[in-house]
Amino acid sequence: MILLDGKATSQIIKDSIKNELDSFISNGLRKPHLVAILVGEDGASRTYVDSKERNSIALGFNSTVLRLPDSTSQEELIKIIKSYNVNPEIDGLLVQSPLPKHINESLITQTIAPEKDVDGFHDINMGKLAKGDEGFVSATPLGVMMMLEAYGIETKGKHCVVVGRSNIVGRPMSLLMSSNRKFGNSTVTICHSQTINIESYTLQADILIAALGKPGFITADMVKPGAVVIDVGITRIEDSSRKSGFYLKGDVDFQSVSEKASYITPVPGGVGLMTIAALLSNTFKAYKNNLNLW
Ligand code: GUN
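The numbering of the sequence shown is the numbering used here, which starts it at 51 and goes up by one.
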């Protein structure tokens, strides 16, 4: 079994962005600028946004995090997004999900200018992905693709089973794996909460991608020997013996599945770190589009 190392792989991607950016900066260009908007006090969201900020700054990007109170109205948020949309110095813009109940998340997603939508959630970017056109792809599935590529994992003609159909991960993941690209061209099955006899599908997977948000759901008896197993789950499990008060658990029962898999991602240290690298890569792409640097 080979461990798919998110720390090392994401670092290679970040180093490559930094190298290219350094040459732009030494030619007198401005830095890329990512804006993240956080509404409310959700603990996990705060951690994610902090990490996006820390990583952006480490790469030499400008980072703005707008922390808004839970009471922010939908109208106020839309007004703020529109002001960033027309600001030529801002390359990437994201609104951290989940949002408070009184805000229509779908409407917010559609308010972000598609050319700054580094999360790839806008209908235009989702539509481009569905058609195989160039746009922004959601960071977690993009990070998984970068991981498969980094390890040279053959995907062409393989059976990829994606468990989970969310708009953020499962659905774009299935589109990427079936698309006509070097590390795509898989035959894809999507399983979800209504799938009957789910293990009959997961057992056929050459590449199994678990993105359902149920800790430890995928057990060894559901996995074909030699499968590549990608664990997208990162559920916080309460644990008072830890300083943070929790630990992270994936959707895959790592202990048992790692004995059967050919490759497997750990949690933490796997896909989560790739998500950040993919977001930075999307932001750098938005910057290069914005300044015509291709
Ligand atoms: N919440 C969970 N994942 C994501 C993500 O990739 N982007 C944003 N904006 N919010 C999220």
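No residue lacks a Cβ here, since even glycine has one placed at the ideal position from N, Cα and C. Please read these numbers as outputs of a predicted model, since none were measured by experiment.
When you compare the CB positions of residue i and residue j, do they come within less than 8 Å of one another, or not?
i	j	result
D301	A270	no
V321	G193	yes
A277	V213	no
L198	I158	no
N240	S224	Looking at the sequence shown, residue 240 is not Asn but Ile. Result yes, Cβ atoms of I240 and S224 sit closer than 8 Å.
K64	A327	yes
I314	S308	yes
P254	V219	In the sequence under discussion, the amino acid at residue 254 is Gln, which differs from the Pro named in the question. In this structure, V219 does not lie closer than 8 Å to Q254 by Cβ.
Y252	P265	The amino acid at residue 252 is misidentified as Tyr; the sequence shows Thr. Contact: no.
Q146	V99	yes
D281	V317	yes
S236	M227	yes
V85	L143	yes
K57	L323	yes
I67	F334	yes
T59	A189	no
F233	M195	yes
Distance check for residue j and residue i, CA to CA, integer angstroms please.
i	j	result
I248	N154	33 Å
L258	I131	37 Å
K310	V273	7 Å
R231	L262	25 Å
E70	S113	18 Å
K206	K129	45 Å
D141	K178	19 Å
D183	K299	35 Å
I75	I62	20 Å
E103	T245	38 Å
S123	G90	11 Å
P191	N77	33 Å
H152	K208	43 Å
N332	S101	16 Å
T97	D55	21 Å
I29	P275	The question about residue 29 has no answer, for the chain in this structure spans 51 to 344.
E125	Q160	14 Å
H242	L341	41 Å
D72	K81	9 Å
L79	W344	14 Å
V238	S121	42 Å
N175	Y337	17 Å
I52	V279	10 Å
E204	D256	10 Å
Y297	P222	27 Å
G156	A180	One detail in the question is off: residue 156 reads as Ser in this sequence, not Gly. Whole-angstrom Cα-Cα distance: 18 Å.
S250	F267	15 Å
Considering only DSSP beta bridges, list what residue i is partnered with.
i	result
S113	L84
I75	Answer by DSSP bridge pairing: none, since I75 is not bridged.
G142	L84
Y297	I287
A260	V213, D281
I240	V212
L341	Answer is none; L341 lacks a bridge partner.
L118	V89
Y313	I52, V278
V273	BP columns for V273 are empty, so no partner.
I268	V302
Segment contact flag, the region 162-182 with the region 108-127, C-beta cutoff 8 Å, min 3 pairs: no
Count Cβ pairs between the region 130-137 and the region 94-109 that sit closer than 8 Å; are there 3 or more? no
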